Structure formats: C-alpha cells, structure tokens
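**Q** Top to bottom, those sequences are chains A and B.
Heads up: the first sequence is residues 1 to 428, going by this note's numbering.
Heads up: the second sequence is residues 429 to 856, going by this note's numbering.
Note that the Cβ used here is the ideal one computed from N, Cα and C, for glycine as well.
Everything numeric in this text was worked out from a predicted model, so none of it was measured.
Number of protein chains: 2
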Amino acid sequence: MRITEMHITPIALGDPPLLNAAGLHAPYCLRTVVELKTDTGLNGLAEVPGSVAVDAALAAVRAIVIGVDPLNWHALRAKIAAQCTPELSVARGDKPWDGRTRVQVYSALDVACLDLQGKACGQPVANLLGGIVRERVPYSAYLFYKYEGAGGELAFGTDPNATGWAAARQKAALDPDGVVAQAEAMVAEFGFESIKLKGGCFEPAQEVAAMKALHRRFGPTVPLRLDPNALWTVETSIHYGREMEGILEYLEDPCRTQEGMAAVRRALKTPLATNMCTTSFDDLPGSVKHASEDIILTDHHFWGGLHSSMELAAFCRTFSRGVSMHSNNHAGISLAAMTHLGAAMPNLSYALDTHYPWQWEEIIVGGRMKIEGGCVTLPKGPGLGVELDRAALARAHENYRRCGFTERNDEIEMRKKVPDWKFAQTRW
Amino acid sequence: MRITEMHITPIALGDPPLLNAAGLHAPYCLRTVVELKTDTGLNGLAEVPGSVAVDAALAAVRAIVIGVDPLNWHALRAKIAAQCTPELSVARGDKPWDGRTRVQVYSALDVACLDLQGKACGQPVANLLGGIVRERVPYSAYLFYKYEGAGGELAFGTDPNATGWAAARQKAALDPDGVVAQAEAMVAEFGFESIKLKGGCFEPAQEVAAMKALHRRFGPTVPLRLDPNALWTVETSIHYGREMEGILEYLEDPCRTQEGMAAVRRALKTPLATNMCTTSFDDLPGSVKHASEDIILTDHHFWGGLHSSMELAAFCRTFSRGVSMHSNNHAGISLAAMTHLGAAMPNLSYALDTHYPWQWEEIIVGGRMKIEGGCVTLPKGPGLGVELDRAALARAHENYRRCGFTERNDEIEMRKKVPDWKFAQTRW
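(1) In chain A, what lies closer than 8 Å to B/Leu-556 by C-beta?
(2) Count the other C-beta atoms from every protein chain shown that fall within 10 angstroms of the C-beta of A/Gly-322, then say buried if there are 16 or more, exposed otherwise.
(3) Could you tell me which of B/His-729, B/Arg-745, B/His-758 and B/Ile-666 sits nearest to B/Met-773, measuring between CA atoms?
(4) Using a Cβ cut-off of 7 Å, pull out every chain D residue sitting near B/Glu-563, in sequence order please.
(5) Looking only at its chain, what residues have a beta carbon closer than 7 Å to the beta carbon of B/Ser-517, apart from the 5 residues adjacent to it on each side?
(6) Rounded C-beta distance between B/Leu-473 and B/Leu-812? I'm assuming under 8 Å.
(7) Run down chain A in chain order and give the residues with a C-beta less than 9 Å from the C-beta of B/Trp-501.
(8) Do A/Lys-146 and A/Leu-231 have their beta-carbon atoms positioned less than 8 Å apart in this structure?
(9) Alpha helix (DSSP H) containing B/Gly-688: first to last residue?
(10) Counting Cβ pairs closer than 8 Å, one from the segment 667-680 of chain B and one from the segment 690-708 of chain B, do we hit at least three?
(11) What are the residues in the segment 711-723 of chain B lying within 7 Å of chain A by C-beta distance?
(12) Report the three-state DSSP secondary structure of B/His-715 (helix, strand or coil).
(13) Please confirm if the segment 165-178 of chain A is in contact with the segment 108-119 of chain A, defined as three or more CB-CB distances below 8 Å between the two stretches.
(14) List, in order along the chain, the chain A residues whose C-beta lies closer than 7 Å to that of B/Glu-739?
(15) Between the Cα of A/His-25 and the Cα atoms of A/Pro-16, A/Arg-100 and A/Val-208, which residue gives the shortest distance?
(16) Please state whether DSSP places B/Phe-851 in a helix, a strand or coil.
(17) Could you tell me which chain B residues have their CB closer than 7 Å to the CB of A/Phe-302, listed as they occur along the chain?
(18) Taking the alpha-carbon positions, what's the B/Leu-625 to A/Gly-50 distance?
(19) CB B/Val-565 to CB B/Leu-806, shorter than 8 Å?
(20) What does the alpha-carbon distance come out to for the pair B/Leu-927 and B/Ala-450?
(21) Can you pull out the residues from the segment 587-602 of chain B whose beta carbon lies closer than 8 Å to at least one beta carbon of chain A?
(22) Compare the C-beta of B/Gln-551 with all C-beta atoms of chain A and state if any pair is closer than 8 Å.
(23) What's the call for B/Glu-631, buried or exposed, on a 16-neighbour Cβ count within 10 Å?
(24) Quick one: is A/Asp-420 buried, meaning 16 or more other Cβ sit within 10 Å of its Cβ, or exposed?
(25) Pick helix, strand or coil for B/Met-672, following the three-state DSSP scheme.
(26) Along the alpha helix (DSSP H) that carries B/Asn-646, what are the first and last residues, could you check?
(27) Can you look up B/Phe-743 in the DSSP assignment and give me helix, strand or coil?
(28) Run the CB neighbour count on B/Ser-748, radius 10 Å, all protein chains shown included, and call it buried at 16 or more, exposed below.
(29) Determine the closest residue to B/Gly-619 out of B/Pro-604, B/Ser-568 and B/Met-639, with distance taken between C-alpha atoms.
(30) If you check the beta carbons only, do A/Asn-127 and B/Leu-776 fall under 8 Å apart?
(31) Grab the span of the beta strand (DSSP E) containing B/Thr-466 for me, first residue to last.
(32) For a test of the three-state rule: what should DSSP assign to A/Pro-379, helix, strand or coil?
(33) Quick one: is B/Thr-707 near chain A, going by C-beta distance under 8 Å?
(34) Could you check whether B/Gln-686 and B/Cys-714 sit closer than 8 Å to each other, using their CB atoms as the reference points?
(35) Taking the alpha-carbon positions, what's the B/Gln-610 to B/Ala-487 distance?
(36) A/Thr-339 CB to nearest chain B CB: under 8 Å?
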C-alpha cells in the first residue's frame, strides 16, 4: 500500500467569545484537516490546530509522504525527521497553546496512517495501540469565562431561537454565578461527571470563589479542576492553592517552569497537572529531576501523535504520574482520535478535557458525535471510525476563506473589547 | 475473534557445555512453546525460557486466556494482572538469568497475540509495533568459554563427522587462544560484525587477555563486548575496565547494583550496558537517579513482551540510553520475535545478542533460520512469519521428557565437572 495523495484543508468553525489567559477566542477557531489517499482506494484522516504555519509545514513534507507505505509509521517519521527537522523545529511559545509545527506534522501523519492501517486491517485504531481498555471514554465539562455571544456567523451576537445548551452557551459568564449557571447547563446536556474551569482571566480570588461555588453546587462527588494557565506566581499559587485544598481533583499549571511547579507541589496536598511545564519528551528528564507535577496532560496533537502519546502513558506509569488529556477547540476527527487514545491508555486516570461542546458545526458524516453520561463511545468501524462529510468540509473551508484568520491570536481579539489589553506571562 | 485453545509445550534442545558465571550449561536447554488457537482458525505462537515454574504459571492463566479477544492485549494483560499478580510476582533471582514468571507469562501472551493480530491483519508483527525500520537485523557473535563437547544426545561427547562451525562448536575454549579460534569459526560461518564474550568464568586478567587477543585478531573495526555477569567488585571493574579502555564497544554488567554500576561508570570512558541492574520498569526510576548504565539490554521475554520492549525503547530514547538486546538459549520462534522487535525499534543502537548459533535443532517449518552477514532478515509472511513444524516440536518435547531437566541449574551441572564448585554473587 502506498500513499498517492495528501490533501491539506484549512477550516474554520464558529467559536463563542471564550476568555483565557491569552485573551479572547475569535468568532472562528481554525483547524486543518489532513487526508491521505492510497493506491488501494483507502483514505486516512487527521485534524490538527490550524494556522498558515502548520499548513505550510504540512505542505513542505508532502513530497516525502507521497509514495510511502502508511503501514510503516517509523519509516515515515524517520524520513521527516531526517529531511525537515530545521524548518519544523519551532520552539514552544509562551502562549497557553503550542506553536511547535513539527509535532503537529508528526501528529497529523501518525493519526492519518493509523486510520489507514485500521481500515486496511479492519480494526479500530485503539487495537493498533494495544487494545481497548474502555469502550466509553470519560470527558470533563470544560467551563470558560466568556462574554455574551454565539460566535461564528453571529460573531458576538446571539441566536434568539436557540434552546437548551445552545442557548446557555451564548450567555455571558463573568463571575462565580455565571460559571455555576454554565456548568449546570453543560452538565445537564452532556452528563459530565467532572468539571474544569479555564482560569487565568480574573483576579485569583474571583476564580477561587468560582471553584468554591461549583463545589457548593455540585458537592464533593464531582471532581473539580482549575487551570490558571501559569499566570500566577509561585507565592500566589501556594496561597490560593491552600485555599482550595480538598476542593480540587487537581490544579492545572498554576505557575510557570518545572522548578516553579515543583515549589508549589511541595507546599500543597492538591495534585498538580501540567500541559505547560512538561510538554515534550525532551522535558521528561527535567520532570523527573524536579518532580514538577503529579499528572501529565497528554495531547496527541502536541506530543507527536497517538503512538507517542502511548509512550508518554508508559512514562507516566513508570514514574508514578497520572495521565489526563489537554484539549484545544476541535472537530470530530480529533475527538475520534482522542477517544481511541483514551480507550487504549491502560493508565488513564482522569476524565479528558474537550472543547467539543463549544462548537456546533461538524465535518464528519453523521454530524456531531454524542457525549452521553459524560462519555464518548468509541466509534464503530475500522480505523478512527469517522468519515468526511465533504459538503460540510467545503462549508467549513469556505468559512476559513471568508473569516480571514490565518492563525490563532487571542490578544488581537481581546483588544477589540479591551483596547489596551496585553498578554502577560505572569499576571498575579 | 476469540481464543479457544492454549497449548503449553515444554521442549529441550541440545546445548553444548558452555561456561558462565552461574556454572555450566546442561546438555539440554529448556524452552516452552505457547500456541493459541482462535475460533477463526488462526494460531499464534510464542516461546519463553522453560521451567516447571513457567509452565505452571502459564497453565494457571489458561482459564483467563480462553475466550478473550487476542486483538486486545491491554484487556488480557489487565485481567492477568488483576487475578494472578500474587502467585506470579516472583522476584528476580541472583542468577544471571531471570526467574520472574509474571513477565514471562506476559511475554508469551503478548507475542502470541501479536502473531494472531498480524495473521488476522495480513501484516508483519513489526508493523503492529509501529513499522519496519530495518529489514535486516544485526546480531552479534556470542562467544563462550566452554569445555569440549557437543551437548544434546552426545552429552559431553563430540560428533567426529561434524564439519565447519558444527565441528568448531564442539571444541574446548578455555583460554584466549581458544576464544579467538571460536570467534574465527563463528564469524566465518555467520558473518557477524561485532563480538561478545560471556565472561565471569575465569580470573579477570585472563578474560581481559581474551578481549585483547580478539582486538588484535579482528582489529578496531569489529566492536567487542565483555559480560562478566556482575561477578566483579566495583574496584575490579574499574581496574580491568581501565585496562580495556578503547577496546570495548561496551562492558556489560561488570558488577552488581545500580549504585555499583554508577560508580564504575563515573570512573570509565567505556559505556556500560546492563541486563542485571536495570531489568524492569520498576528499576527505571533508580536508573535515572543513579545514572547506572549507558545501554539497556532489552529482552522481550523478561520485559513483558514486544509492546513493553517498545516502551522501554522510548524510555531509552528519552533518557539518552542506548538499546541493545539480551539473549538466552532459544529457538526460532523467539528469534523471529526478537527480529521483529529489532526491525521495529527506531533507536536500536547495537547489534543484538543471540545464542542461536549454539543450537542445531529447530521446531519451525523450514528448519534453522539463516544468519547471513551477521543479520537475520525479517521473516516474510504475516505475524511472526514462522510456523510450527509439529514433528520437530514432538521430537523436542520427547527430548524434554527424556532428559529429566525441570529447570535451568548451571550450578548442579558444573559440579559434575568441579565437585565443590559454588555459585558466588561476587567472585573477584
């Protein structure tokens, strides 16, 4: 089997005005869909965070990809590493998301090749990762502080005809009461059994008050997480971490650097999770040296794919770290890949993050995947178990063309609301 | 697909009187062949070191194995871990080989399930481990000090009609000249491009003299290794290690414990390899803490299978350790599995060990696998690419029944030659 075509399709999906440490989500989030076709008539899919940089990086490896055997991921990865390392070696940025294009190229091709391998073998991708530990993969509610508005075509407007979660999703959430109301609507719709709040938006005391309000509302049986995206100092992290002892399942990236996280960890009983201080295999020796976190949040888009994420899971088992999963905005191809990974990881110790409830469009056949009882059921069928809805893909690509965004920049978007707003690496 | 039958067949293969730190190889080495059959008519093979303890451990999990889906290794492994951990948790012994039955049970089932998965998918096992990095997998010549004799039915006698390597294999090698002559014959027959000597048999000065003789005979382009099986003290290791600086590719397990190895490593430029101080995932945190070795010798029989060995390879890549492979006596099913692993490990940095030249019998269709130019070419065909020769298996099982050995015990065998010989953990 040989790869004969590689299609790279940037898309834009409507996204509400969600606040985070880097600013404000634009009305559209960007993703890039990669489709590999083979001489045997199969097609393999993947989806990665979208930007012109990622699209260019993917286009730059197309000549290497065409002609290779998709059953041999190691050979393809070695080819890319040998020929393209310099131009793809972008260091991780300071933003809460991850700008390294090399790992995203690896991820796209690893996932698409596994989809092809699964289809060629008649097996789900999870079996090619060692087997299905769970058919129903648990996700966490992912709350955001947000401005009022729907995003997408409505930009910052709202759809008055929306009902249920679609209506709740449009409402502002700028204080603890707003956060609790959002949680109630999201949990009612999707049945999530754990809850995460994206922090780093307001004074720590306000965000801690929101966590306490969630704890009062949902009680001790619903695990809670707060993610200030490393905007706090070590001292702030310890101070407010202590205020939340006993309330949080874990505190995610309160501050920067492995040394900083280690200092906080020594002072708190609450476990610390990270997708900011330990984000690559190169960071793992430092993680061991500093004992910087209790839980590593894998993300196959940023750890180089599903095979690599399984290697990370093995590291976590060996070095007594828990495993959970980070998320950015995404569509169904990524959700399927995340779910196969979650189904295959023996030591998955926490419900996974997903932004999925914040989108409403889809690019896969059958439309939106279901989240029921807080879980996504492993898609049936070989490979990832999802197929492209080509009309929907064309619409999402047309959105991309029309919206004019070429990369994620929450700072620019935030300035439309707060003109002199500036991103800070450490704020409180 | 479900597993419907699990067959456990102990076998004995003729083995010459090879010396090592634990004593002397008996005239037969023991292996156990595991065969899984499925409701779809497939059969999956594996081979592990043989003993009544391993056979009993395998028999104890049969009830768990029957009925499971062999495509789902994670689920089967979890079942075994949940139900059988206590009785299988045998600690690693002090002998140079590894007595833990639990990892051997995991290994047998992981390999046999991968063989089934490969056959079900029409793919080589190496592709199910991520892909084929090399079709020709390099092995190292594995020299032994030995008494004269053929082993097997001839016990300590010799076959006067033997020619070539089969004749050379029978000769004694008890000093540097004997070791060099053995190396010449083995390299001429198999084309090995690196050479290992099993040490721990004689005074260190004699073994060091043998390495120097090999270096003079084969020159600086043939990498050399010496394995004293941890019989040396730290001081002896440093002293003789310094004498061999510049001659060895690596020095394997000169002494015991991660701390001891780390002390030697700090004193030498020669890299240290181990299959004795870092032998399990539980040992990896200590390996990082002490920096005890440069190279880890995986062995899928003792690290829990091929999936686990790939996880070990990822650890070695992340923590800057080289990867090579340990061997015990084995037949073609193990050689095929070792070769698939060697074909799939991206960071295989050294030629692998194999005892294969010391045996002459086989249990697979087609007889002895070829070693040419020091390499084994990845078997063609799906799965492991080997099938049982049932008549040969029956003969090898009959050998087992007849020879009366129930476990490996080189000390007892050695006493037949040197009546008061005693195993010592540290000798020089």
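**A** The structure says:
(1) Locating residue 556 of chain B in the second sequence gives position 128, counting from the first residue. Under the 8 Å cutoff, chain A gives Leu-128.
(2) Working through the first sequence from its first residue, we reach residue 322 of chain A at position 322. It is buried - the Cβ of A/Gly-322 has at least 16 other Cβ atoms within 10 Å.
(3) Within the second sequence, residue 773 of chain B is the residue found at index 345, counting from 1. Considering only alpha carbons, the answer is B/Arg-745.
(4) Included in the structure are the protein chains A and B, with no chain D among them.
(5) The count along the second sequence starts at 1 and reaches residue 517 of chain B at position 89. Unreliable placement is indicated for B/Ser-517, whose pLDDT of 47 sits below 50; the coordinate value is still reported in the next sentence. Closer than 7 Å at the Cβ level, and outside the excluded window around B/Ser-517, lie Arg-530.
(6) Reading the second sequence from its first residue, position 45 is the one you call residue 473 of chain B. Reading the second sequence from its first residue, position 384 is the one you call residue 812 of chain B. Contact annotation, B/Leu-473 with B/Leu-812: C-beta distance approximately 6 Å; criterion of less than 8 Å satisfied.
(7) The count along the second sequence starts at 1 and reaches residue 501 of chain B at position 73. Per Cβ cutoff of 9 Å: Asn-127, Gly-130 and Gly-131.
(8) For the purposes of this step, residue 231 of chain A is identified with residue 231 of the first sequence, where counting begins at 1. For the purposes of this step, residue 146 of chain A is identified with residue 146 of the first sequence, where counting begins at 1. Contact: no.
(9) Stepping through the second sequence from its first residue, residue 688 of chain B is reached at position 260. 686-695 is the extent of the alpha helix (DSSP H) around B/Gly-688.
(10) yes
(11) Of all residues in the segment 711-723 of chain B, Leu-712, Pro-713 and Val-716 have a Cβ within less than 7 Å of some Cβ in chain A.
(12) In the second sequence, counting from the first residue as 1, residue 715 of chain B sits at position 287. Here the sequence assigns Ser to residue 715 of chain B, which means His is not the residue at that position. Here B/Ser-715 sits in helix by DSSP.
(13) Below 8 Å, too few C-beta pairs join the segment 165-178 of chain A and the segment 108-119 of chain A to call them touching: fewer than three.
(14) As a working note, residue 739 of chain B is residue 311 in the second sequence. Listed along chain A are Glu-311 and Ala-314, each with a C-beta nearer than 7 Å to that of B/Glu-739.
(15) Counting from one through the first sequence, the residue named residue 25 of chain A turns up at place 25. For the residues A/Pro-16, A/Arg-100 and A/Val-208, the minimum Cα distance to A/His-25 belongs to A/Pro-16.
(16) In the second sequence, the residue the question calls residue 851 of chain B occupies position 423. DSSP places B/Phe-851 in coil when its eight states are reduced to three.
(17) On the first sequence, position 302 is the one that residue 302 of chain A refers to. Under the 7 Å cutoff, chain B gives no residues; its nearest Cβ is about 16 Å from A/Phe-302.
(18) For the purposes of this step, residue 625 of chain B is identified with residue 197 of the second sequence, where counting begins at 1. For the purposes of this step, residue 50 of chain A is identified with residue 50 of the first sequence, where counting begins at 1. In this structure, the straight-line span from the alpha carbon of B/Leu-625 to that of A/Gly-50 is close to 55 Å.
(19) On the second sequence, residue 565 of chain B is found 137 positions in, with the first residue counted as 1. On the second sequence, residue 806 of chain B is found 378 positions in, with the first residue counted as 1. Contact: yes.
(20) Residue 927 of chain B cannot be examined here, being either before or after the span of chain B that is shown, 429 to 856.
(21) none
(22) The residue you call residue 551 of chain B lines up with position 123 of the second sequence. With 8 Å as the cut-off, B/Gln-551 counts as an interface residue toward chain A.
(23) The count along the second sequence starts at 1 and reaches residue 631 of chain B at position 203. B/Glu-631 counts as exposed, since fewer than 16 other beta carbons sit within 10 angstroms of its beta carbon.
(24) As a first step, residue 420 of chain A is located in the first sequence; it is residue number 420 there, counting from the start. Exposed is the call here.
(25) Sequence index remark: in the second sequence, residue 672 of chain B carries index 244 (1-based). In the structure shown, B/Met-672 falls within a coil segment according to DSSP collapsed to helix, strand and coil.
(26) Residue numbering aside, residue 646 of chain B sits at position 218 when the second sequence is read from its first letter. Note on residue identity: the sequence assigns Phe, not Asn, to residue 646 of chain B. It spans 632-646 - the alpha helix (DSSP H) in which B/Phe-646 sits, taken as one unbroken run.
(27) In the second sequence, counting from the first residue as 1, residue 743 of chain B sits at position 315. Helix.
(28) As a first step, residue 748 of chain B must be located in the second sequence, where it is residue number 320. Burial call: exposed.
(29) Position 191 of the second sequence, counting from 1, holds the residue named residue 619 of chain B. The shortest C-alpha separation from B/Gly-619 is found at B/Ser-568.
(30) On the first sequence, residue 127 of chain A is found 127 positions in, with the first residue counted as 1. On the second sequence, residue 776 of chain B is found 348 positions in, with the first residue counted as 1. It is not a contact, given that the beta carbons lie outside the stated cut-off.
(31) Taking the second sequence and counting its residues from 1, one reaches residue 466 of chain B at position 38. From DSSP, the beta strand (DSSP E) with B/Thr-466 extends over 456-466.
(32) Within the first sequence, the letter at position 379 stands for residue 379 of chain A. Coil, per DSSP.
(33) Walking along the second sequence from the start, residue 707 of chain B turns up at place 279. No, B/Thr-707 does not count as interfacial toward chain A.
(34) On the second sequence, residue 714 of chain B is found 286 positions in, with the first residue counted as 1. On the second sequence, residue 686 of chain B is found 258 positions in, with the first residue counted as 1. A small fix is needed here, since residue 714 of chain B is Gly in this sequence, not Cys. Yes, the Cβ-Cβ distance between B/Gly-714 and B/Gln-686 is below 8 Å.
(35) Here residue 610 of chain B refers to the residue found at position 182 when the second sequence is read from its first residue. Here residue 487 of chain B refers to the residue found at position 59 when the second sequence is read from its first residue. The alpha-carbon atoms of B/Gln-610 and B/Ala-487 are separated by roughly 40 Å.
(36) Residue mapping note: residue 339 of chain A aligns to position 339 of the first sequence, counting from 1. Not one chain B Cβ lies under 8 Å of A/Thr-339.
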